[in-house]
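Below is one structure, written out as C-alpha cells; comments come after it.
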Amino acid sequence: AQSVTQLDSQVPVFEEAPVELRCNYSSSVSVYLFWYVQYPNQGLQLLLKYLSGSTLVKGINGFEAEFNKSQTSFHLRKPSVHISDTAEYFCAVSAPNSGNTPLVFGKGTRLSVIA
Amino acid sequence: NAGVMQNPRHLVRRRGQEARLRCSPMKGHSHVYWYRQLPEEGLKFMVYLQKENIIDESGMPKERFSAEFPKEGPSILRIQQVVRGDSAAYFCASSTGTGASEQYFGPGTRLTVT
C-alpha cells in the first residue's frame, strides 16, 4: 500500500519569493507521482506528474518538482510566486503496475501568498 | 471537449434523507473514480467503476453508500439515510483507463447534512 505525507499544512510566503512544498511517499513498488492544485470551492487541477524518465518535471504555471527515489520525495517548487498561486496543493501517488489504481493523496498544503 | 461534470454542486439534506450525486465523465472516458474530502483533509478514495462494473469499492463505507455507472447516463453515488458525518465534498474523476492515464476531476458536490 502507498501513503503520502505532506510535511507542512500551511505555508505563507511573500509575493515574488520562492516556495517549496514538501511531499514524501512510501511504497513497496514503483509509483507514479502527481501534484494537484485546488482553488477555493473548485475541483482539482493537475499541475504536473512524474511517470518515468527525467527526475525533474516541469508543470503548468511555472511549477516544477523533482523526484528523489533515495529520499522518497517529490517536492514542488516555484522560483517566484504570485498572489494567484494562493490555493491548496495536494501530492498524490498511484501504483502503475496494478492497473488504473486510485490515487492516494496527502492531506494537502495551503499556500498563502502575501502581497 | 467538456470536462467532468458533477451535479448538483451543492446539496443540502436533512438527517435520514437520501443524497444522489451525479458524475458525467469526459467524452471518451470509461473509468470513473469517486473521492471524498472531509474538512481539513485530503481526498480519500471511495470507489472505482467502469461501465456497468464496480472494479474497486475498498474505500466505500459498507452501509448506506452505493455507486453505479450504467451503460447509458452518468455515474451515481447514492448515500441513504444521511448523517451529519456524511457532510463533505465529493469529487468524481474520470480517465480513459489505458496506460498511465491521467485522472481528470470534476468541480465536486458539496453535501451538507443538517
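Sequence lines, in order, name chains L and P. First residue of the first sequence? That's 1 in the working numbering, and the numbers climb one at a time after it. First residue of the second sequence? That's 1001 in the working numbering, and the numbers climb one at a time after it. Yeah, the Cβ is synthetic: ideal placement off N, Cα and C, and Gly gets one too.
Is there a C-beta anywhere in chain L that falls below 8 Å from the one on residue i?
| i | result |
| --- | --- |
| P:L1021 | no |
| P:G1042 | yes |
| P:Y1048 | yes |
| P:E1057 | no |
| P:E1102 | yes |
| P:Y1090 | no |
| P:F1178 | Absent from the model: residue 1178 of chain P. The displayed extent of chain P is 1001 to 1114, so no value can be given. |
Just to make sure I have the definition right: I need the residues of chain L whose C-beta is within less than 7 Å of the C-beta of residue i. Which are they?
| i | result |
| --- | --- |
| P:P1107 | Q42, G43 |
Does residue i have its Cβ less than 8 Å from a Cβ in chain P?
| i | result |
| --- | --- |
| L:P102 | yes |
| L:F90 | yes |
| L:L46 | yes |
| L:K69 | no |
| L:K58 | no |
So which residues on chain P does residue i lean against when the C-beta distance must stay under 9 Å?
| i | result |
| --- | --- |
| L:G106 | G1042 |
Just to make sure I have the definition right: I need the residues of chain P whose C-beta is within less than 8 Å of the C-beta of residue i. Which are they?
| i | result |
| --- | --- |
| L:K78 | Here the premise fails: no neighbours, minimum Cβ distance about 21 Å. |
Which residues of chain L have a Cβ atom closer than 8 Å to the Cβ of residue i, listed in chain order?
| i | result |
| --- | --- |
| P:F1065 | The premise fails here: P:F1065 is roughly 16 Å from chain L at the closest Cβ pair, so nothing lies under 8 Å. |
Between which two residues does the beta strand (DSSP E) containing residue i stretch?
| i | result |
| --- | --- |
| L:E20 | 19 to 21 |
| L:P12 | 10 to 14 |
| L:V113 | 109 to 114 |
| P:R1009 | Element bounds for P:R1009: n/a, residue is neither H nor E. |
| P:E1018 | P:E1018 -> no beta strand (DSSP E), and no H or E assigned at all. |
| L:S26 | 24 to 26 |
| P:V1004 | Element bounds for P:V1004: n/a, residue is neither H nor E. |
| L:V93 | 87 to 94 |
| P:V1113 | 1109 to 1113 |
| L:V4 | 3 to 5 |
May I ask you to check if the CB of residue i is nearer than 7 Å to at least one heavy atom of the ligand COA?
| i | result |
| --- | --- |
| L:Q38 | Looking for the ligand COA in the displayed structure turns up nothing, as the structure carries no ligands at all. |
_Is it the case that the segment 24 to 35 of chain L contacts the segment 65 to 79 of chain L, given that we only count it when at least three CB pairs across the two stretches are under 8 Å?_
Contact between the segment 65 to 79 of chain L and the segment 24 to 35 of chain L is present, because at least three Cβ pairs lie under 8 Å.
_What ranges does the beta strand (DSSP E) occupy inside the segment 1026 to 1102 of chain P, keeping only unbroken runs of at least 3 residues that lie completely in it?_
With a minimum length of 3 residues, the continuous beta strand (DSSP E) runs that stay inside the segment 1026 to 1102 of chain P are 1031 to 1037, 1043 to 1050, 1053 to 1056, 1065 to 1068, 1075 to 1079, 1088 to 1095.
*Which ranges does the beta strand (DSSP E) cover as unbroken runs of at least 3 residues, wholly within the segment 39 to 78 of chain L, from first to last along the chain?*
Segments of the beta strand (DSSP E) lying fully in the segment 39 to 78 of chain L: 44 to 50, 56 to 58, 64 to 68, 73 to 78.
_For the segment 1036 to 1048 of chain P against the segment 1015 to 1022 of chain P, do three or more pairs of beta-carbon atoms, one drawn from each stretch, fall closer than 8 Å, so that the two count as touching?_
These segments do not touch.
_Check whether the segment 1004 to 1015 of chain P and the segment 1086 to 1098 of chain P are in contact - that is, three or more C-beta pairs closer than 8 Å._
As far as the Cβ criterion goes, the segment 1004 to 1015 of chain P touches the segment 1086 to 1098 of chain P, which means the pair count is three or higher.
*Count the CB pairs spanning the segment 1053 to 1062 of chain P and the segment 7 to 16 of chain L that are closer than 8 Å, and state whether there are at least three.*
Judged by Cβ distances under 8 Å, the segment 1053 to 1062 of chain P makes no contact with the segment 7 to 16 of chain L, as fewer than three pairs qualify.
*When the Cβ atoms of the segment 89 to 96 of chain L are set against those of the segment 25 to 42 of chain L, are three or more pairs found closer than 8 Å?*
With a cut-off of 8 Å on Cβ pairs, the segment 89 to 96 of chain L is in contact with the segment 25 to 42 of chain L, counting three or more such pairs.
*asked:* Under 8 Å, with one C-beta from each stretch per pair, do the segment 1061 to 1074 of chain P and the segment 106 to 114 of chain L reach the 3-pair mark?
replied: As far as the Cβ criterion goes, the segment 1061 to 1074 of chain P does not touch the segment 106 to 114 of chain L, which means the pair count is below three.
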